[in-house]
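Asks: Going by my numbering, the first residue of the sequence shown is number 5, and it counts up by one from there. A virtual CB, placed ideally from N, CA and C, is assigned to each residue, including glycine.
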Amino acid sequence: ESINKALLTRLPKNGCLINTARHEVVHEGDILQMFKERPDFSYLSDVAPKNAEEMKKVLGDKYMKRAIFTKKKMGAQTLEANNNAGVAAAKQIVSFFEEGVTRFQLNPF
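Next up, the structure:
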């Protein structure tokens, strides 16, 4: 949970967090606290949080104005996004084998 209250409180007035990663990246309890403490904060995500029902209760009639979640994961849903991801992965693999580039290596050998 890299996105937590310590980071969220640094958002400017009328700040909006847009999450197109995974719900595990965001501390959902801290998002709820931000809704309670900052009426200017909003959150958009293509992954509904596990505590979405609780957020609805806290936000009331402001729910679809301050918290918006798509019905399904939207990341990399376009042909262009999938093509771009494939090309990027291929280039990384080629650069690893041809030049030994390990810039994107997750686990060292």
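Quick one: using the 10 Å Cβ neighbour count with 16 as the cut-off for buried, is ARG26 buried or exposed?
Replies: Burial check for ARG26: the Cβ neighbour count within 10 Å stays below 16, so the residue is exposed.
Asks: If we count Cβ pairs, one from each stretch, closer than 8 Å, do we get three or more for the region 37-55 versus the region 14-28?
Replies: Yes, the region 37-55 is in contact with the region 14-28.
Asks: Given ARG70, which residues of its chain have a CB within under 6 Å of its CB, disregarding the five upstream and five downstream residues?
Replies: SER46, LEU63
Asks: Measuring straight from C-alpha to C-alpha, what distance separates SER99 and ASN88?
Replies: 16 Å
Asks: Reducing DSSP to helix, strand and coil, say where LEU21 ends up.
Replies: Three-state DSSP puts LEU21 in a strand.
Asks: ASN18 and ASP44 look like a contact to me (Cβ under 8 Å); what is the Cβ gap, rounded to whole Å?
Replies: 5 Å
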